[in-house]
Amino acid sequence: MLPVCDSTTSLKLAGRNGKLRPRSSLKLALQRPTLLQTLLTINVRQVIVLPSERPVAKLRSIYLASAGSDDEQREGNRHIAPLKSHRRSLVLCPPAVASGEQTAQETRRLGILAVVDPRQPSCCGWRDWGQFRVPKLSKYPSPASIPNCDASPARRGDTAMAVPNGTRPERQSGMSKGAKPRLIRKLGCLELYQASLHVLGMYCGTSVACTYRIPDKIASTGEEALEAALNTAIAQTVLQYPVLQVGIYKEDSRRPSYMQLDTVDLNQHVQWKTLESEDDLDAAALETLITQIDTKFHDIEARPPWCITVLRRRGSQAVEVNFVWHHALADGMSGKMFHETLLRHLTGADDGSVTPGESRILDVSGSAKRFPPPMEKMVKYPVSFGYVLSELWKEVRPPKAGSAADQVLAHWAPLQLQPPETDIRRVRLSNERLRIVLAACRQHNTTLTGLLHGIIAVALSSLLSKKQAPGFLAKTAMNMRVLTPASGSLVPKETMADIVSVVGHTFDPDATAAIRSKIETAASESSEQSRRGTLAEAIWASAVTARQDIKKVLDQGTKDNIIGVMGFVPDWRDHGRSVAKKPRDSAWVITNLGVIDGGLSGEDGGACIRRDDNWHIEGGTFSINAQTTGAAISVCVIAVKHCELVLDVCWQRDVIDSRIAEGVAQATEDWLTYLGTDGPRT
């Protein structure tokens, strides 16, 4: 018998002679309601009930039928619905059959989830087969006990339950079983690096979330109009960017590739959540965000590794759209680009857009034609012999203990190879104060990014002793689109891809000692104003130095950039394992996405003017998964035009001292508020 479960409450059952027997199916379901609930919760795609006689032959006949082969007629299974894949299958059979070696081998070959006996719960052990891992249980599991499963009911129109990062265990939307993969190209240098971190569990997801104001005409219509508008705009955005349409083939290999898929099922990627009016939307959004960026993407040969969560408080005229993606697909600026494009589609600014059908399954078979090349192919990254030699020397010969190079490493934040769990402290600054802070930065010949480096350098010099941290290394993520010219149809500023590098900043022991000297002097000052003034001198001096580091890299263009030597690494997985055995290098990293144009107009005073007759973005956040081997503290910055600035301070829970990370976040908030309230300081 072959019941097919499509994650709704309907079950179909085919007997050995190929005839449908719905009554038997219903009887089986009613006899085991807990089993039915479990199947619906984890979205088991099909249930195969094997007889005691010739179980392996039965499995093979089902395999032939679903593959749509000519043998289907001979096996008498014409009425069995063809399936593209046997993953997400659950086999029910007597214990003696389940324990048979032939049965076990055949189920593994077909990608079957588990073999259990439905009549004896004590014998039902979930086995670690395929890509879906569930611990063994002594009884049928409840929905809440299944890892990475959301037991909340599906929303209208959904064909699959929602789980973190869109990893719904249901049918694949990529290629048919047995079909030859259609590879687009090998991953580039930076893409390989990001893929290796994902494979090793050192970095999972990146997020850009925006709060959209719903137009009155849609808000007054009801939930269906809102869902239709957003679903259509999301589909149009996905169809616009090829990186959102591909899988990653053999990610856990030395040279994985992007592979072309036939379709993308938005039901597998978009999750809707509605909160009651009294619920705390901000807290729920932060909890959902952390869960998603801490969860690896699975089955990425069949589904593009990205997901969207739409979160709304019932009755509210605002909705949050959280876009989370695998960093091997795109960089942080791409997340900002996604939301700007989504807004254009919501407002109808793009003509000729393709509207998906009611099934929400998108045809992406032509993605290879427009797929962007790796960043090192967009523009040359020439390297000098001396630069290559110095970078390779750093890899093969770590700095001697006590040397100047060793003293700037983050020994106070040792690496611990455990699944990254992220803590986030959010800092907000109003648009009015932000304008004053930016004016102060211009007066001191630096930028907001430089100022943040100065604040954090002073904060950590105060929070850590000289023995703990004689010096610091810091980094700035730099958007390389500004140095990548357009070529033909490729316009980097409009392309979602990994086009990013890093700039290093060294606060050597002498520079850090000078900062600590200012801190000691400030502590002896009699007034708060004097203390602030003394510390501000140290902050602005460090801010100017950081800005000079960035300007130097911009001035030299793509020459002697780290991207140019990444191709010398033969296997980034081995590199990641070797890095894990060394001290952490960077104390902090700053990634500043700049400003999103949310469609709001502004007055001379900087206040935004909201219009209720159109969509606009009124808030945004940028967050990353805690970096197991990267910087100890990550500061992610984004602002919406004419609205507030938001910084997410991210760190690895139970690895980085929360007192230090919270202290950095608090110091950042205090200084931005102070400088934004009282105007430029010298």
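Start counting the sequence shown at 9; every next residue gets the next number (the numbering used here).
Glycine residues also receive a C-beta, built at the ideal position from the N, C-alpha and C atoms.
Because the structure is a prediction, the values reported are computed rather than measured.
Asked: Just list the residues that DSSP pairs residue 644 with in beta bridges.; Found: 599, 656
Asked: Tell me which residues share the same chain as residue 538 and place their Cβ nearer than 7 Å to its Cβ, disregarding the 5 neighbours each side in the sequence.; Found: none
Asked: Helix or strand or just coil, what does DSSP make of residue 453?; Found: coil
Asked: Can you round the beta-carbon distance between residue 637 and residue 584 to whole angstroms, since I take them to be within the 8 Å contact cut?; Found: 7 Å
Asked: Name the DSSP bridge partner or partners of residue 682?; Found: Looking at the DSSP assignment, residue 682 forms no beta bridge with any residue, so it has no partner.
Asked: Specify the secondary structure class of residue 548 as computed by DSSP and reduced to three states.; Found: helix
Asked: Around the C-beta of residue 512, are 16 or more other C-beta atoms found within 10 angstroms, so that it is buried, or is it exposed?; Found: exposed
Asked: Could you name the residues of the same chain whose beta carbon sits closer than 8 Å to that of residue 292, not counting the 5 residues immediately before and after it, in chain order?; Found: 281, 283, 319
Asked: Can you tell which of 195, 190, 200, 673 has its C-alpha closest to the C-alpha of residue 437?; Found: 673
Asked: Closer than 6 Å by C-beta to residue 204: which residues in its own chain qualify, once you throw out the five before and the five after it? Chain order, please.; Found: 580, 581, 584
Asked: Where do the N-terminal and C-terminal ends of the alpha helix (DSSP H) with residue 304 fall, by residue?; Found: From DSSP, residue 304 is part of no alpha helix (DSSP H); its letter is neither H nor E.
Asked: Would you report the Cα separation of residue 180 and residue 271, rounded to the nearest angstrom?; Found: Per-residue confidence for residue 180 stands at a pLDDT of 40, beneath the threshold of 50, marking its modelled position as unreliable; the derived number appears in the next sentence. Cα to Cα, the separation comes out at about 9 Å.
Asked: Are the CB atoms of residue 599 and residue 340 nearer to each other than 8 Å?; Found: yes
Asked: DSSP three-state label for residue 389, please.; Found: coil
Asked: Could you tell me the distance, in whole angstroms, from the CA atom of residue 597 to the CA atom of residue 225?; Found: 43 Å
Asked: Residue 558 by DSSP, collapsed to three states: which one?; Found: helix
Asked: If I measure Cβ to Cβ from residue 491 and keep anything under 6 Å in the same chain, skipping five residues before and after, which residues do I get?; Found: 565, 566
Asked: Check residue 417 in the structure and name its three-state DSSP category.; Found: coil
Asked: Quick check: the segment 675 to 686 against the segment 457 to 476, are at least 3 beta-carbon pairs closer than 8 Å?; Found: yes
Asked: Any idea what DSSP makes of residue 621, helix, strand or coil?; Found: coil
Asked: Between residue 421 and the rest of its own chain, which residues show a CB-CB distance below 6 Å, the 5 nearest in sequence each way excluded?; Found: 592, 640, 664
Asked: If you draw a straight line from the C-alpha of residue 401 to the C-alpha of residue 236, how long is it?; Found: 56 Å
Asked: Expressed to the nearest angstrom, what Euclidean distance is found between the alpha-carbon atoms of residue 279 and residue 217?; Found: 14 Å
Asked: Return the Cβ separation of residue 558 and residue 486 in integer angstroms, given the expectation that the two are a contact with Cβ distance under 8 Å.; Found: 7 Å
Asked: Rounded to whole angstroms, what is the Cα-Cα separation between residue 274 and residue 369?; Found: 6 Å
Asked: Hey, is the segment 421 to 430 in contact with the segment 647 to 667, meaning 3+ C-beta pairs nearer than 8 Å?; Found: yes
Asked: Look at the Cβ atom of residue 529, then the Cβ atom of residue 542, and state whether they are nearer than 8 Å.; Found: yes
Asked: With H, G and I counted as helix, E and B as strand and the rest as coil, what does DSSP make of residue 426?; Found: coil
Asked: Taking residue 199 as the reference, which of 654, 577, 666, 652 has the closest Cα?; Found: 577
Asked: Under three-state DSSP, which class holds residue 626?; Found: strand
Asked: May I have the straight-line CA-CA distance separating residue 337 from residue 595, to the nearest angstrom?; Found: 26 Å
Asked: Which whole runs of the beta strand (DSSP E) in the segment 502 to 545 are 3 residues long or more, in chain order?; Found: 508 to 515
Asked: Would you call residue 328 buried or exposed, if buried means 16 or more other Cβ atoms sit within 10 Å of its Cβ?; Found: buried
Asked: So what's residue 576 in DSSP terms, helix, strand or just coil?; Found: helix
Asked: Which first and last residues belong to the beta strand (DSSP E) in which residue 328 is found?; Found: 326 to 333
Asked: Looking at the unbroken alpha helix (DSSP H) that takes in residue 197, where does it start and where does it end?; Found: 197 to 207
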